Amino acid sequence: MFEQFRRVANFYFLIIFLVQLIIDTPTSPVTSGLPLFFVITVTAIKQGYEDWLRHKADNAVNKCPVHVVQHGKVIRKQSRKLRVGDVVFVKEDETFPCDLILLSSSRDDGTCYVTTASLDGESSHKTYYAVQDTKAYRTEKEVDSIHATIECEQPQPDLYKFVGRINIYMDSDPVARPLGSENLLLRGATLKNTEYIYAVAIYTGMETKMALNYQSKCQKRSAVEKSMNAYLVVYLCILISKAIINTALKYMWQADPNRDEPWYNQRTESERQRHIVIRAFTDFLAFMVLFNYIIPVSMYVTVEMQKFLGSYFIVWDDEMLDEELGERAVVNTSDLNEELGQVEYVFTDKTGTLTENNMEFIECCVDGHVYVPNIICNGQVMTGAGGMDMIDSSPGPDAREREELFFRALCLCHTVQVKEEETVDGIKQGIHQGKSTSFYISSSPDEVALVEGMKGLGFTYLRLKDSHMEILNREDEVERFELLEVLTFDSVRRRMSVIVRDSRGERYLFCKGADSAIFPRVISGKVEQVRARVEHNAVEGLRTLCVAYRPLSPEQYQEVCHQLSGAKLALQDRDKRLAEAYDQIEKDLILLGATAVEDRLQEKAADTIESLHKAGIKVWVLTGDKMETAAATCYASKLFHRNTQILELTTKRTEEQSLHDVLFDLSRTVLRQHGTMTRDNFSSLSGDCTDFGLIIDGATLSAVMRPDQEDSNSGNYKEIFLEICRNCSAVLCCRMAPLQKAQIVKLIKASKEHPITLAIGDGANDVSMILEAHVGIGIMGKEGRQAVRNSDYAIPKFKHLKKMLLVHGHYYYIRISELVQYFFYKNVCFIFPQFLYQFFCGFSQQPLYDTAYLTLYNISFTSLPILLYSLIEQHINMDILKKDPTLYRDIAKNSLLQWSTFIYWTVLGVYDAIVMFFGAYFLFDNTTFTSNGQLMTTNTQMMFGNWTFGTLVFTVLVFTVTLKLALDTHYWTWINHFVIWGSLIFFVVFSLLWGGIIWPFLNYQRMYYVFMQMLSSGPAWLSIILLITASLLPDVVKKVIWRALWPTTTERIQSADKLYKGQLSEFTPLASLHASSKTGNYRRGSGNQGNAQNPRRSEPLNTKVMFTRWQRTQDYCTFTPLLRFTDGSRYPRRGHAYSGAGPETAV
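This is the structure we're talking about:
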């Protein structure tokens, strides 16, 4: 209950309900208590069902049987009874019941294979390693005889980080061994391709990493929710003002002794004895209760249901299904559906997001000579074609030695695992038979591509067995290298290394990584030749890595072991100490060469980016790749065009000029062209206008974000940088660390325009920016599921972002904006007559409506139509939204929830309420007494009374607000008809039953026969129709006039679509359709977006507009003129030929 009443609206209605119970109020406590009970019950049922599912899942896990080693035997116990220190026996395909340290396995080398799909979604097999000193213990008795203690860090949720140490007590002094994430088996992961393992429990229950990851992410709030809360504050102020005004007027009215205590409304004795301040405060609370329905209690539950149910349309969308992956879109949070329609900046990763992350080895360069795979004859690399510089068929001894050393380096410097055997048609196949390279397994697609490429060049990596790596050379000889150390890759160092010992006992350090991480550490080698080839490949859009080595003498190796051992055994700052050790080890390298791997652009990635640009969304690419490679991808994806003027803010340029000078030069360049133009007039520039693109690298960004405080000119670097970015159509940030990606997003979020941002990526290095952005989207890629797990939405491919934003986002924003405005409108219509009525009842707090109507208005009579509208309304055909991204601009900057729109809906509600109240009032203006003493109107021959008057107003109210929604509906289905007309029928049937039966449980029968008596009067029927028409007419007339004179682009397309009966998606609108609209000049661009209005309208339509139909035959296409909009002609005429047009033009 505490969680329920943390919501302001729920707490407010609880207070109102308590006030009704405590003091004498004009309405029954049921009128507030029942809606509140309904809202809380619906939410509680939803949350209770979810809690029951969690309870079932908890029981299934807690009572799951687990095998534990005790006293040399394996026994069974429930998983909830596991304790830290228990030795657990796990068989193949079983799930780990808690976090475990691997002691031994059925495999000779002490490794095991694990899938962590339930944790991070990765279905590939990962390799974990047993403690070196315990991997030989493979029976229950041997494992039970181990005497050891484990020291480890406090439980923390990072799945990929663990620091610990195991002290094994032998006959001599204890032996300390480091423990890392490679030894930790996580709860929820599954054992694969390993018969069994023994492991010791270190974290159980809620201390496991999986349980710690149950914690919810920071709550994100959409712009619509913020607007809704602001409107609530305004209406709360209106409510308080109404209560104060009526309280003051009541006491002014009662100042006349003749009106103080009428015979029909006398005070009680206790009321007379109260102090006037107490009486005034009590009256104020009573008026608050009377008018409290202006705050729509059911709006919150309706919005919650709309978001929850609406999210399924994303999941069910077959166009967002990737058949290759078998994956659909995933909604991790439904609270941000409408935010998808407000995105102004998209920050995207490159590798795996814009590209396939399906690496293909293209070439390698050794000492300036280029090699391509699969050109081998009799063990020799043959001369290539197409101008490629290949090694001679009879290379010299030195060249041949360097070449083979390079190939061996790539076969050894990796973390690739080999799936040793696979059964095909009952026959075991493997790497030795030269079968498919799908046998290689690695978390890095680059490494798999490199190992496969080396196989094409004659060197095949076979396996890692007993700490020895085996490769097959060109002569079909197996070479064995002892793997001594692995210096793992990280995104900060941007390199990895291995230390191996060959059969002659010589030790080598092989290192591969980004050119920026290798070249500064090289002391010899053909650096310039390799650098030239790396730059050439980067321009071609290829991913490049450099390879180097360093021979290690016995003394140097001992020093390396000492440095690594001390760092690995540290329990505090282990990562920092390891980084320092790696930095000392990976130096004085000898350059061998470089590799080039191709990562193809994803299908329709370029089309998606182009559509986002047309929609007015600025796209930034944030990548860790080198500048040339990333720039080539940007050109291929149409982020940059050939006429784009590239502005560089890179380390190379800041070495030539100071950062201050470079920033001001770039600022002058863009401002000289663009000046202080707004978003709209920038987007309308002619095609001759310069299109700017900015490239910035990570080092320069650090200088911009954290300038030297001693520099007096550095204080405004961020502002200058932002000003440059605002005037660029696209930005590329390369050499970005993960935290820098988040810094960029945060910088844009905090800018003075406060734009809505979206971040999209597929890897763990994208998580920080996904969490930072207003909307985070994960790609179901090949780099694990960390991004998917931490995102608000997940999609299979980047191309699905187009429909996610331009269609689903557009629809969700339109729907929920209409829902919010409509709720406030219908409640103004509902409660303002109650306010007016107080002027005619002496401010006696007499309610205008019956208790049943007060209770059911928001729950039953008017809630279902707007809920259905907000789920299925399509104001424009879905195909048109996809084909015309510029329509996305019509809803930019929260345009449908601007204060001007809010005021219009409020004024419209006040107008309708006045028409309803005074229209009904004048019907009762002329009254006479009947023979039986009843008061009857002369105009309508209807019994006159308070409840008859209130029922008439309420009837007009229900029909008006429901028909208003019907008039605003563009997409009609049988469900709309059923709900809208069904709601009206339900109201009529309920009123007939409520007033047609004497209900024994009621203390009063004031509504008996009122509704039926009202409907028995013919003039009353006419009055109801006239009042409904008078209420709706101004809004209809206003819309007709505005559509005729100042139509928005959306309204133009709606009109054309209706004319062609929903077939407009088959036509191609010419660019001139948007030419006369302020929102229609949609050239790629940016600028100040703060001038977006709701919705922005054009000047009177006077530009010729023509539609053409595409007709495809076997050999050609024809374009047939169908219609046009001309000067003074609002609607097109079928068959009116385009002036000057000749016969059909064949193409």
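According to my numbering, the sequence shown holds residues 18 to 1164 in order.
All residues carry an ideal CB built from backbone N, CA and C; glycine is no exception.
Everything numeric in this text was worked out from a predicted model, so none of it was measured.
**Report entry** Paired residues, beta bridge with S121 - DSSP
**Finding:** The residue you call residue 121 lines up with position 104 of the sequence shown. BP columns for S121 point to Y215.
Report task. Answer yes or no: do D809 and I796 have a C-beta to C-beta separation smaller than 8 Å? Result -> Indexing the sequence shown from 1 puts residue 809 at position 792. Indexing the sequence shown from 1 puts residue 796 at position 779. Cβ distance not < 8 Å, so D809 and I796 don't count as in contact.
Query raised in the report: Considering only residues of the same chain and omitting the five flanking positions on each side of K143, which have a CB-CB separation below 8 Å?
Result: Your numbering for residue 143 matches position 126 in the sequence shown. The answer, listed in chain order, is Y130, V131, T132, T133, S460.
Query raised in the report: Could you give the distance in angstroms between the alpha-carbon of D714 and the alpha-carbon of S746?
Result: Against the sequence shown, residue 714 aligns to sequence position 697. Against the sequence shown, residue 746 aligns to sequence position 729. In a straight line, the C-alpha of D714 is about 18 Å away from that of S746.
Query raised in the report: Can you give the beta carbon distance from T368 to D616, rounded, assuming they're within the 8 Å contact cut?
Result: Here residue 368 refers to the residue found at position 351 of the sequence shown. Here residue 616 refers to the residue found at position 599 of the sequence shown. That pair is a contact at about 6 Å.
Requested in this report: Please report the Cβ distance between S121 and Y146, rounded to the nearest whole angstrom; I am assuming they are in contact, meaning their Cβ atoms lie under 8 Å.
Outcome: Translated into the one-based positions of the sequence shown, residue 121 becomes position 104. Translated into the one-based positions of the sequence shown, residue 146 becomes position 129. Not really, about 11 Å apart at Cβ, beyond 8 Å.
Query raised in the report: Mapping DSSP to helix, strand and coil, what is L504?
Result: As a working mapping, residue 504 is identified with position 487 in the sequence shown. Residue state, collapsed to three classes: strand.
**Report entry** Bridge-paired residues (DSSP) for E496
**Finding:** Taking the first residue of the sequence shown as 1, we reach residue 496 at position 479. In the DSSP output, where bridge partners are listed per residue, E496 has I488.
**Report entry** Own chain residues within Cβ distance below 7 Å of E499, not counting five before or after
**Finding:** Taking the first residue of the sequence shown as position 1, residue 499 is located at position 482. Here the set comprises S484, H485, V517, R518.
Query raised in the report: Excluding the five sequence neighbours on either side, which residues of its own chain have a C-beta within less than 8 Å of the C-beta of E627, listed in chain order?
Result: Here residue 627 is taken as the residue at index 610 of the sequence shown, counted from 1. Cβ within range, chain order: K655.
Requested in this report: Enumerate, from N- to C-terminal direction, the unbroken beta strand (DSSP E) stretches of 3 or more residues contained entirely within the region 808 to 869.
Outcome: 810 to 812
**Report entry** Cβ shell of G385 (< 6 Å), same chain only, five flanking positions each side left out
**Finding:** In the sequence shown, the residue the question calls residue 385 occupies position 368. Same-chain partners within the cutoff: K543, Q546.
Query raised in the report: Between which two residues does the beta strand (DSSP E) carrying T770 extend?
Result: The residue given as residue 770 occupies position 753 in the sequence shown. The sequence shown places Glu at residue 770, rather than the Thr named in the question. That residue, E770, is in no beta strand (DSSP E); it is neither H nor E in DSSP.
Report task. State buried or exposed for D190, treating a residue as buried only when at least 16 other CB atoms are found within 10 Å of its CB. Result -> Here residue 190 refers to the residue found at position 173 of the sequence shown. Burial call: exposed.
Query raised in the report: DSSP three-state call for N27: helix, strand or coil?
Result: Here residue 27 corresponds to residue number 10 of the sequence shown, with the count starting at 1. Correct three-state label for N27: helix.
Query raised in the report: In three-state DSSP terms, what is D273?
Result: Stepping through the sequence shown from its first residue, residue 273 is reached at position 256. D273: coil per DSSP, three-state reduction.
**Report entry** Candidates T1046, L1049, D1052, L1009: closest to M1031 by CA position
**Finding:** In the sequence shown, the residue the question calls residue 1031 occupies position 1014. Out of T1046, L1049, D1052, L1009, L1009 has the C-alpha closest to the C-alpha of M1031.
Query raised in the report: Relative to the C-alpha of D708, which residue among V687, Q855, I167, R194 is closest?
Result: As a working mapping, residue 708 is identified with position 691 in the sequence shown. Of V687, Q855, I167, R194, the residue nearest in Cα terms is V687.
Requested in this report: Please state whether DSSP places Q1106 in a helix, a strand or coil.
Outcome: Along the sequence shown, read from residue 1 onward, the residue named residue 1106 stands at position 1089. Confidence is the limiting factor: at Q1106 the pLDDT is only 40, short of 50, which leaves the residue's position unreliable and the question unanswerable from this model.
**Report entry** Contact under 8 Å by Cβ, L427 with V515
**Finding:** Translated into the one-based positions of the sequence shown, residue 427 becomes position 410. Translated into the one-based positions of the sequence shown, residue 515 becomes position 498. Cβ atoms of L427 and V515: not closer than 8 Å.
Query raised in the report: With burial defined as no fewer than 16 other Cβ atoms inside 10 Å of the residue's Cβ, what is the status of N782: buried or exposed?
Result: Here residue 782 is taken as the residue at index 765 of the sequence shown, counted from 1. It is buried - the Cβ of N782 has at least 16 other Cβ atoms within 10 Å.
Requested in this report: Could you give the DSSP three-state label for G102: helix, strand or coil?
Outcome: Taking the first residue of the sequence shown as 1, we reach residue 102 at position 85. Here G102 sits in coil by DSSP.
Requested in this report: Kindly give me the distance between the Cβ atoms of R567 and V614, rounded to whole angstroms, as I take these residues to be in contact under 8 Å.
Outcome: In the sequence shown, residue 567 corresponds to position 550, counting from 1. In the sequence shown, residue 614 corresponds to position 597, counting from 1. Wrong, their Cβ atoms sit about 24 Å apart, outside the cutoff.
Query raised in the report: Can you tell which of I883, V1054, K529, L940 has the C-alpha that lies nearest to the C-alpha of R425?
Result: Here residue 425 refers to the residue found at position 408 when the sequence shown is read from its first residue. The option with the nearest alpha carbon to R425 is K529.
Query raised in the report: Where do the ends of the alpha helix (DSSP H) carrying D929 lie?
Result: Taking the first residue of the sequence shown as position 1, residue 929 is located at position 912. It spans 916 to 940 - the alpha helix (DSSP H) in which D929 sits, taken as one unbroken run.
Query - Inter-residue Cα distance where the pair is T774 and H791 - result: Sequence index remark: in the sequence shown, residue 774 carries index 757 (1-based). Sequence index remark: in the sequence shown, residue 791 carries index 774 (1-based). Approximately 5 Å between the Cα atoms of the pair.
Query raised in the report: If Q851 and P864 are in contact, beta carbons under 8 Å, what's the gap, nearest whole angstrom?
Result: One-based indexing of the sequence shown puts residue 851 at position 834. One-based indexing of the sequence shown puts residue 864 at position 847. Yes, they are in contact, since the Cβ atoms of Q851 and P864 sit about 7 Å apart, within 8 Å.
Query - Same chain, Cβ closer than 8 Å to A937, neighbours up to 5 away in sequence not counted - result: Counting from 1 along the sequence shown, the entry for residue 937 is found at position 920. Excluding positions up to five away in sequence, the list reads F966, L969, V970, V973, S1040, L1044.
Query raised in the report: Thinking C-beta only, is D907 closer than 8 Å to T661?
Result: The sequence position of residue 661 within the sequence shown is 644, counting from 1. The sequence position of residue 907 within the sequence shown is 890, counting from 1. No, the pair does not count as a contact, with Cβ atoms beyond the cut-off.
Report task. Quick one: give me the first and last residue of the beta strand (DSSP E) that T133 is part of. Result -> The residue given as residue 133 occupies position 116 in the sequence shown. From DSSP, the beta strand (DSSP E) with T133 extends over 128 to 133.
Query raised in the report: From L904 to R345, what distance separates their C-alpha atoms?
Result: In the sequence shown, the residue the question calls residue 904 occupies position 887. In the sequence shown, the residue the question calls residue 345 occupies position 328. Going from the Cα of L904 to the Cα of R345 covers about 26 Å.
Query raised in the report: Which stretch, first to last residue, makes up the beta strand (DSSP E) that contains H994?
Result: On the sequence shown, position 977 is the one that residue 994 refers to. Per DSSP, H994 belongs to no beta strand (DSSP E); it is in the alpha helix (DSSP H), 991 to 1013.
Query raised in the report: Going by the beta-carbon positions, is the gap between F860 and K267 smaller than 8 Å?
Result: Counting from 1 along the sequence shown, the entry for residue 860 is found at position 843. Counting from 1 along the sequence shown, the entry for residue 267 is found at position 250. It is a contact, given that the beta carbons lie within the stated cut-off.
Requested in this report: With DSSP as the reference, label N184 as helix, strand or coil.
Outcome: What you label residue 184 is simply residue 167 of the sequence shown in a count that begins at 1. Three-state result, N184: strand.
Query raised in the report: Could you check where the beta strand (DSSP E) with D896 kicks off and where it finishes?
Result: For the purposes of this step, residue 896 is taken as residue 879 along the sequence shown, with counting starting at 1. No beta strand (DSSP E) contains D896, which is instead part of the alpha helix (DSSP H) from 895 to 900.
**Report entry** Length of the line joining the Cα atoms of L1191 and R204
**Finding:** Missing from the structure shown is residue 1191; the chain here goes from 18 to 1164 and no further.
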